[in-house]
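Participant: According to the numbering used here, the residues represented by the sequence shown are 127 to 534, in order.
Think of the CB as a built atom: it goes at the ideal place given N, C-alpha and C, for glycine as much as any other residue.
A quick note: this is a predicted structure, and the numbers were derived from the prediction, not measured.
Okay, here's the structure, questions in a sec.
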Amino acid sequence: MALVNLREMVYHAYRNHYAIGAFDIVSLDFLHAVIGGAEAQCAPVILNLVEHQFHLYDFEILAAAAVCAARRAGVPVAIQLDHATTTDSVLRGIRYGCNGVMIDGSELSFEENVRLTRRVVDVAHSCGIPVEAELGHVARRVGDERPGSRDQPVYTSPDEVKLFQRRTKADFLAVSIGNVHGQPVGRGQLDLTRLARIHALVDVPLVIHGGSGLSDAEFGCLIDRGVAKINYYTMLSTVAARRIRGNAIEDRAGAYGTLVNGVREVIQQEVERCLALWRAADRADAVLSEVAPWSEVEHMIVYNTIDESDEPVLDMMAEGRRVLGNIPGVRRVVTGRAVTKDAKYRYCWLVRFAHAAVINTYRDHPAHVEFANTLFRPRADNRISIDFTEVNDLTDRERDTTPAPIAG
Ligand SMILES: [Zn+2]
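Here it is, written out as structure tokens:
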């Protein structure tokens, strides 16, 4: 299992002077290609699920696929919800499996951005989830902007970063220093002096969005000035589209499989090129040994009730799924009934928490307290509970017959 703590992963890059690639995934081809590229380069990687791309796929389904691919990967992987604009969206991202979130208040005033970011930091941190904030505004190339958004860049002000950081407590800071979303290479003019000033003022990893618009030589300058995460998508989309157009020209009657032939490979090549350029290649083992794995917690209760029939219990379960499923950091609520009537315990709850931090958040949440005190505890006369994490360590016997696992 190689899903790891995103905050620790980015701080590892920050301390060791390289940058983690955060690549947008918009389909299974992108997901396979990004993981494949990271594995080929033995590099840690972040899978980005971006709010303004949700028209391209079903967020819940692609997030589930990302979690599955991350757990199966031989390199450390984390999953970030990118450019979230509301607290509700952040909570949904955490529920679907993201273990990092970016809140984009870059189109708000300084005060509004601080307030939104701080609200998100408070709720995300209560779930053990780190937050990336943006100060200034990284513009979008014309034709790629969201409806109603302004398209003018606002450079990050070094005069504001310290106060912003102190008031928001964000874990990483995305900066605007001439980088632009969705831009082809070589159009930007980076203000590296501004970046160096920001880096000297705040001790948090800096993030660059719009990596596709930068030249190879610029990346080293960014990493030397505190950039530890680079968001990258446009060039992946460009090489994929170019491949599809080429396939269509070669075989005008080609079926779907013919048109997308080789798409994964060209995306993977570009991912590999970036990871090597950003000094992330061959870092996977160090990250796996120094960074905590990401472990969900299962909160399980088996119980009997004072009821003569199932009906009142089924009603209580339905209410529990509704109320408890909305508590921050709860990924899902399963309610169950024993298969056989003479089972020692007849009913169960299985509540999945995003992280161990949610144990306390959940226990003290007013919705849980009220549900437990008024509906559950008076009814459940006899119960056992446990909070547990999955144990995946190999036994000695398995170890003898299996290739050495990667630590974590
Ligand atoms: Zn971005």
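Using a Cβ-Cβ cutoff of less than 6 Å, which residues in the same chain neighbour Ile161 once the five nearest sequence positions on both sides are dropped?
Facilitator: Closer than 6 Å at Cβ, skipping near neighbours: Ala195 and Ala199.
Participant: For the alpha helix (DSSP H) that Asp441 lies in, which residues bound it at each end?
Facilitator: From DSSP, the alpha helix (DSSP H) with Asp441 extends over Glu437 to Leu450.
Participant: For Val392, which residues in the same chain have their Cβ closer than 6 Å to its Cβ, ignoring the five residues on either side in sequence?
Facilitator: Hits under 6 Å: Val365 and Arg369.
Participant: Name the residue from Arg141, Ile146, Val130 and Ala191 whose alpha carbon lies nearest to the alpha carbon of Ser153.
Facilitator: The shortest C-alpha separation from Ser153 is found at Ala191.
Participant: What does the alpha-carbon distance come out to for the pair Ile532 and Ala480?
Facilitator: The pLDDT assigned to Ile532 is 49, lower than 50, so where the model puts this residue is not dependable, and the model offers no usable value.
Participant: State the beta-bridge partners of Phe514 as determined by DSSP.
Facilitator: Phe514 pairs with Glu424.
Participant: Nearest CA to the CA of Gly262: which residue from Gly254, Asp230, His251 and Arg293?
Facilitator: The residue with the shortest Cα to Cα distance from Gly262 is Asp230.
Participant: State the DSSP-derived secondary structure class of Asn387, mapped to helix, strand or coil.
Facilitator: Asn387: coil per DSSP, three-state reduction.
Participant: When you compare the stretch 451-461 with the stretch 204-223, are there three or more beta-carbon pairs, one atom per stretch, that lie closer than 8 Å?
Facilitator: Touching, per the Cβ criterion.
Participant: Quick check: is any heavy atom of ligand 3 less than 7 Å from the C-beta of Asn357?
Facilitator: As far as ligands go, the structure on display features ligand 1 and does not contain ligand 3.
Participant: Between His335 and ligand 1, is the CB less than 7 Å from at least one heavy atom?
Facilitator: Yes, Cβ of His335 sits closer than 7 Å to a heavy atom of ligand 1.
Participant: Following the continuous beta strand (DSSP E) through Glu260, name the residue where it begins and the one where it ends.
Facilitator: Residues Val257 to Leu261.
Participant: Determine the burial state of His143: buried for a count of at least 16 other Cβ atoms within 10 Å of its Cβ, exposed for fewer.
Facilitator: Its Cβ having fewer than 16 others within 10 Å, His143 is exposed.
Participant: Are Arg267 and His307 closer than 8 Å when you measure CB to CB?
Facilitator: A contact, by the Cβ cut-off of 8 Å.
Participant: Under DSSP, the alpha helix (DSSP H) around Gly346 begins and ends at which residues?
Facilitator: Element bounds for Gly346: Asp342 to Ile349.
Participant: DSSP state of Leu234, grouped into three classes?
Facilitator: Leu234 falls in the coil class under three-state DSSP.
Participant: Tell me whether Asp277, by its Cβ, gets closer than 7 Å to a heavy atom of ligand 1.
Facilitator: No, the beta carbon of Asp277 sits no closer than 7 Å to any heavy atom of ligand 1.
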